[in-house]
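Here's the structure, in structure tokens; my notes come after.
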Amino acid sequence: MKDMLAFKLWPGRRFVIGVPFLWLLVFFVLPCLILLRISITDMGSGLDPFAPLIASADGVWRFFLKYDNYVAIFWDANAGFGQTIYMAAYATSLKYAFFTTLLCLLIGYPFAYFIARARPSIRPALLMLVMLPFWTSFLLRVYAWKGILADQGVLNNALMALGLINQPIQMLYTDISMLVGMTYVYLPFMVLPLYATLVKMDLSLLEAAHDLGASPWQAFWLITVPLSKAGIISGAMLVFIPSIGEFVIPSLLGGAENITIGRVVWDEMFSSNNWPRASALAVVMIFLIIFPLALYHNYSAEPSVKPRMKGEA
Amino acid sequence: MNLPAARILGFLKAEGLVKHFDDVAAVDEVSLSVNKGEIFALLGSSGCGKSTLLRMLAGFEVPTSGTVTLDGVEIASLPPYERPINMMFQSYALFPHLSVWDNIAFGLKREGLPKAEITERVEEMLRLVQLAPFAKRKPHQLSGGQQQRVALARSLAKRPQLLLLDEPLGALDKKLREQTQFELVNIIESVGVTCVMVTHDQEEAMSMASRIAVMSEGRVLQVGTPREIYEHPNCRFVADFIGQANLFDGVLSLDEPDRCEITTPEGVIHVGHGISGTPGMALSVAVRPEKINIAKRRPDLLHNLFAGTVREIAYFGSYSTFIVETASGKTVKITESNTVRQDLSGITWNDAVFFWWGDSAAVTLTS
Amino acid sequence: MRAISRFLQAHVGRFWLVAVYLFLYAPLVFLVVFSFNSTRQDGVFTGFSWRWYSALWADTRLVAGFLLSLKVALLTATLSAVLGAMAAFVLVRYERFRGRPIFVGLVNAPLVMPEVIIGLSLLLLMVAVQRAVGWPDRGTATIVLGHTLLGMAYGAVVIQSRLREMDRSIEEAAMDLGCRPLQVFFLVTLPSIAPAMVAAWLLTFTLSFDDVVISEFLSGPGVTTLPQVIFGYARRGINPSIYAAATLLIAVVSVGIITYSVIMARQQRQRLREINAAVRAARESRSI
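Protein chains in written order, with numbering that gives the first Met the number 0: chain G, 0 to 312; chain Y, 0 to 366; chain V, 0 to 287.
In structure tokens, the structure reads:
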């Protein structure tokens, strides 16, 4: 089929590649460049959210570059380097992202495993049950956790009715509600890639391991887990990377003390109207996720396509 | 109808076809001539280039160099949809979303034929492959053999000048294969279309094709009728590839117009014809197992009589195979038909036996 | 002790599955139950009442938001399915062209990028363009553009896998029978990937309908999608009308998904039955 294209690099092919490529360049790359550019300018005057990069003053063209935003992110005038609220926010975000990923892995791996080992006839139904909540609004489901975890909420009332506690535990606006909410929302993202990898595994490998003397537990750690490595990393990155910048869950379920970077960017944008500062924060966020992004890309890469007909007749 | 000879012979001509994939030459200087109305087979093991060659004929690969002409028209530069050639794919490639009828009509619709004519042609094809009651079914509702017949009907519907078959019997099991072989050939011959087929199965090629080209490593080694290829292989590879052959390596010790002798470690082999060679040259002699006789008692013969010890015996029902080891250490494979139901030979493992063949049974090979 | 451990081992799978499913469905159950609550209370079910449902119809903001979200989602899903199909096609079929690694990275990136970054950068783009050429004003169009960026990535993933497992020889067969490349695509390839395109459409519809962050960044005055309205309510406190809306949504989605699954399963069984029947019939008549 490849050589078909030698017939005519029919304008169709260029069109088919060109349109999505152009779309991505215009709506993905270009905005990132603009992001960069805005981050190094100052807040604008009046209605302008940002000042021009190049302007003339007194008849002379000059660059108006300001690195203040980046400085402000990393260095607080009073407390010194690394003590800014922004650094704290990044740290908080990373902390929550890390623990969310961990929880999703601990809960999701066995879950995916058991679905993959279930009878083939009920697997589609099990998967459908996992996906069904995903198709209902995620906002509404997070909203529901607000109601469940409230001081006067269902969970507290149930625990008190059962006599396990005397006073309502504060769960809302704490780490608990944050992690519950994040794990809840991101669990399917961990389960699906894991499932995809686990279900493809050749069960005769486990049989061979048992035949050679491994206990089920050993076989699991020595064979199953290593073979599902790609799925684990894929799933982990699908959870970790977006949860760094997560905004909705922290603002509905998170407390006032531990603010994540998503909320900070939002506040800078819509409360302080400081677009350049928000842009700078976003740029730093991008740098933060580049390494995990590359990792994800590596492990979810499409299988290499064998050149056709090579050595075959 | 008498066509001028040129229109019959060399109906399909390939000259100097070469196809490179990166640095590997999948097809290396292949020239062929296929006659009108014949069934021509490309035979070889996987990797020999036969499928690439077929795809070049179909138009799915562009030759690196060389020409292909069909009925005098140069077609190598034409895309597949402009060639008067149709292919039956190994996987059948039936359109899963279309019925049998629509599958067959597909090519006709692309030609823009009037509806009435399409209907007539499709019905003709359905009758040809005996699938008229299944016209409305979808491919997945048919058995493998039925799917194949739909694929065949679809490729014949446009009345192509050349029909290509890609491993036509590959997907069928053994019993089905025999039956299908003859049915396929009957249909193709009744339509009268010129046909090139590709296969790795000798039996398929020998039973279906009128001429065979044996290929290896991108080259054509020999072209001929099944009998020619089998009885007169032109090199060791072909002798060994088609059927089975015992190869004796030796040196030409006598060369006369009507006979020659080759001296080998096993003894002197007499061949009933001369070859124009120089005494002392290295030669191989190929003898097919079924042409060798075996017995415990020494027969009264002058030539081509050898001795050995039986190492293996295998009983295959209609014939038996004996592996005999000579004093020189060579293993010779001998097959005997089991024409009677009892085992009269009395030969068993480790027996000392004699084996022999007639003067015309061997073929001399220089390469 | 061993008996207990063996019992646990045998059933740990079932326990774990049930526990996680309970976790996944707890909020949904909560929403449905409390949408019928007669008071505003969140902890106690005080009685059955339809009041929140009637309040729902009366809430013009919610209704307006719903209609807008519907419009945006329809546009987004359609655009995303088309662009996603193109991107998937390029990823699977075109093995070598200039800039391919960049293309691959760009298609996959929106899948994992935090929405805040996508929203912010797109907003900056829109503003810059608006300054230059006076268009677009932030509103429906800009939201659709933002959602489509995400939608295309998801669509490409869904369609890619179907495209990869498709039997390519039917495309060659179509060409062999006289189809030009474009005809091949519309007559053979498209019907083959149609189910994947439908799946991609539905997926991106849902994503767009549910999106908060990008909508918030890219919407303009007077343009508020349903999630934005709900989010606004959510920050201010509990509003049980939202529970009513949620219950309706859950009902629609559940019916949709269950119907779809049942139909798919039935089709699969039917197909298998037909294949088996054909094989059996052939074997019985001893013909091929």
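Backbone N, C-alpha and C fix where the C-beta goes; we use that ideal spot for every residue, glycine too.
Helix, strand or coil at residue i [DSSP, three-state]
{"i": "T325(Y)", "result": "strand"}
{"i": "A306(Y)", "result": "strand"}
{"i": "W216(G)", "result": "helix"}
{"i": "V437(Y)", "result": "Any answer about residue 437(Y) is impossible in this case: the structure gives chain Y only from 0 up to 366."}
{"i": "C103(G)", "result": "helix"}
{"i": "N292(Y)", "result": "strand"}
{"i": "W348(Y)", "result": "coil"}
{"i": "L164(Y)", "result": "strand"}
{"i": "G64(V)", "result": "helix"}
{"i": "S283(Y)", "result": "strand"}
{"i": "C259(Y)", "result": "strand"}
{"i": "H146(V)", "result": "helix"}
{"i": "N85(Y)", "result": "strand"}
{"i": "V29(Y)", "result": "strand"}
{"i": "L41(Y)", "result": "strand"}
{"i": "E14(Y)", "result": "strand"}
{"i": "N155(G)", "result": "helix"}
{"i": "I164(G)", "result": "coil"}
{"i": "R218(Y)", "result": "strand"}
Distance CB(residue i)-CB(residue j) smaller than 8 Å
{"i": "W144(G)", "j": "P26(V)", "result": "yes"}
{"i": "E114(V)", "j": "Q140(Y)", "result": "no"}
{"i": "I260(G)", "j": "S92(G)", "result": "yes"}
{"i": "G217(Y)", "j": "V26(Y)", "result": "yes"}
{"i": "V373(Y)", "j": "L11(Y)", "result": "Shown here, chain Y extends from 0 to 366; a query on residue 373(Y) therefore has no answer."}
{"i": "E395(Y)", "j": "G307(Y)", "result": "A query on residue 395(Y) cannot be resolved here, the shown segment of chain Y reaching from 0 to 366 and no further."}
{"i": "D165(Y)", "j": "V197(Y)", "result": "yes"}
{"i": "M125(V)", "j": "T141(V)", "result": "yes"}
{"i": "V327(G)", "j": "I114(G)", "result": "No answer is possible for residue 327(G): it lies beyond the span of chain G, which begins at 0 and ends at 312."}
{"i": "P132(G)", "j": "L23(V)", "result": "yes"}
Neighbour flag for residue i against chain V, beta carbons, 8 Å
{"i": "L11(Y)", "result": "no"}
{"i": "E110(Y)", "result": "yes"}
{"i": "K18(Y)", "result": "no"}
{"i": "L141(Y)", "result": "yes"}
{"i": "Q201(Y)", "result": "no"}
{"i": "L292(G)", "result": "yes"}
{"i": "E135(Y)", "result": "Sequence check: residue 135(Y) is Lys here, not Glu. With 8 Å as the cut-off, K135(Y) does not count as an interface residue toward chain V."}
{"i": "K329(Y)", "result": "no"}
8 Å Cβ cutoff, residue i in contact with chain Y
{"i": "R179(V)", "result": "yes"}
{"i": "A195(V)", "result": "no"}
{"i": "I274(V)", "result": "yes"}
{"i": "R270(V)", "result": "yes"}
{"i": "A281(V)", "result": "yes"}
{"i": "P190(V)", "result": "yes"}
Cβ-heavy atom distance, residue i to the ligand SAH, below 7 Å
{"i": "D22(Y)", "result": "Annotation note on the ligand SAH: not contained in the displayed structure, which lists no ligands."}
Below-8 Å beta-carbon distance, residue i vs any chain G residue
{"i": "V298(V)", "result": "No answer is possible for residue 298(V): the residues shown for chain V start at 0 and end at 287."}
{"i": "F185(V)", "result": "no"}
{"i": "A264(V)", "result": "yes"}
{"i": "A2(V)", "result": "no"}
Partners in chain C for residue i, counting only beta-carbon separations shorter than 8 Å
{"i": "D209(V)", "result": "Judged by its chain identifiers, the structure shown contains no chain C, and its protein chains are G, Y and V."}
| field | Near-chain Y residues of the segment 149–174 of chain V (beta-carbon distance less than 7 Å), N- to C-terminal order | value | Within the segment 149–174 of chain V, the residues whose Cβ lies closer than 7 Å to some Cβ of chain Y are D166, S168, I169, E171, A172 and M174, listed in chain order.
| Mind listing which residues of the segment 26–42 of chain G have their C-beta closer than 8 Å to chain V's C-betas, in chain order? | Flagged, chain order: F26, F27, V28, L29, P30, C31, I33, L34 and I37.
| message | Check whether the segment 213–223 of chain G and the segment 50–69 of chain V touch, using three or more Cβ-Cβ pairs below 8 Å as the test. | response | Touching, no.
| Can you list, in chain order, the residues of the segment 267–287 of chain Y whose Cβ is nearer than 7 Å to any Cβ on chain V? | Close to chain V, meaning a Cβ-Cβ distance shorter than 7 Å, is no residue of the segment 267–287 of chain Y at all.
| task | Could you list the residues in the segment 218–243 of chain Y with a C-beta less than 9 Å from some C-beta on chain V, going in chain order? | result | For the segment 218–243 of chain Y, which is checked against every Cβ of chain V, not one residue is closer than 9 Å.
| query | What residues in the segment 23–46 of chain Y bring their beta carbon closer than 9 Å to a beta carbon of chain V? | reply | Residues passing the 9 Å Cβ filter: none.
| message | Tell me which residues of the segment 44–70 of chain V have at least one Cβ-Cβ distance to chain G shorter than 8 Å, keeping chain order. | response | For the segment 44–70 of chain V, the set of positions with a beta-carbon nearer than 8 Å to some beta-carbon of chain G is empty.
| message | Taking contact to mean 3 or more Cβ pairs, one atom from each stretch, closer than 8 Å, check whether the segment 127–137 of chain Y and the segment 149–162 of chain V are in contact. | response | Touching, no, given that fewer than three Cβ pairs across the two stretches are closer than 8 Å.
| task | Anything in the segment 5–18 of chain V with a Cβ closer than 7 Å to a Cβ of chain G? List those residues in chain order, please. | result | Cβ contacts with chain G: G12, W15 and L16.
| Do the segment 233–246 of chain V and the segment 182–199 of chain V make contact, defined as three or more Cβ pairs closer than 8 Å? | Put simply, the segment 233–246 of chain V does not touch the segment 182–199 of chain V. Fewer than three CB pairs are less than 8 Å apart.
| task | Report yes or no: do the segment 201–217 of chain V and the segment 15–29 of chain V share at least 3 C-beta pairs separated by less than 8 Å? | result | With the cut-off at 8 Å, the segment 201–217 of chain V and the segment 15–29 of chain V do not touch.
| Contact residues within the segment 293–315 of chain Y, judged by C-beta distance below 8 Å to chain V | Answer set for the segment 293–315 of chain Y: empty.
| Contact list for the segment 67–85 of chain Y against chain V, Cβ threshold 9 Å | Taking 9 Å as the Cβ-Cβ cut-off against chain V, the residues of the segment 67–85 of chain Y that qualify are P78, P79, Y80, E81, R82, I84 and N85.
| Interface residues of the segment 143–168 of chain G facing chain V [CB-CB below 8 Å] | Taken in chain order, the members of the segment 143–168 of chain G whose beta-carbon sits within less than 8 Å of a beta-carbon on chain V are A143, W144, K145, G146, I147, A149, Q151, G152, V153, N155 and N156.
| task | For the segment 65–90 of chain G, enumerate the residues whose C-beta is nearer than 8 Å to any C-beta of chain V, in chain order. | result | Within the segment 65–90 of chain G, no residue qualifies.
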